[in-house]
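*Asks:*
Residue numbers (my numbering): 54 to 105.
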């Protein structure tokens with residue numbers, strides 16, 4: 054019984070670890086978040102910045 058539960062737990066852990074990333078954790082999402090934070094919180098203006 055313990056062995057079966059251990060296998061199920063390891064299987065669930067493996068499936069969740071290999072799932073898709075949320076958009077804000079990807080490199081493209083991080084760049085966009087940085088861009089919007091600069092505009093919103095008093096960095097450069099939108100016309101001074103350019104998206105890559």
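By construction, the Cβ of each residue, glycine as well, lies at the ideal position given by its N, Cα and C atoms.
1) Can you tell me whether DSSP reads residue 63 as helix, strand or coil?
2) By how many angstroms is the C-alpha of residue 79 removed from the C-alpha of residue 95?
3) Is any heavy atom of the ligand GDP found at a distance shorter than 7 Å from the C-beta of residue 90?
4) Please say whether residue 82 and residue 76 have beta carbons closer to each other than 8 Å?
*Replies:* Here's the rundown:
1) Numbered from 1 along the chain shown, position 10 holds the residue referred to as residue 63. Reduced to three states, the DSSP call for residue 63 is helix.
2) Your numbering for residue 95 matches position 42 in the chain shown. Your numbering for residue 79 matches position 26 in the chain shown. Each residue's Cα considered, the two are about 24 Å apart.
3) Absence of the ligand GDP is noted for the structure shown, with no ligands found whatsoever.
4) Start at 1 with the first residue of the chain shown, and residue 76 comes out as number 23. Start at 1 with the first residue of the chain shown, and residue 82 comes out as number 29. For residue 76 and residue 82, yes; Cβs fall inside 8 Å.
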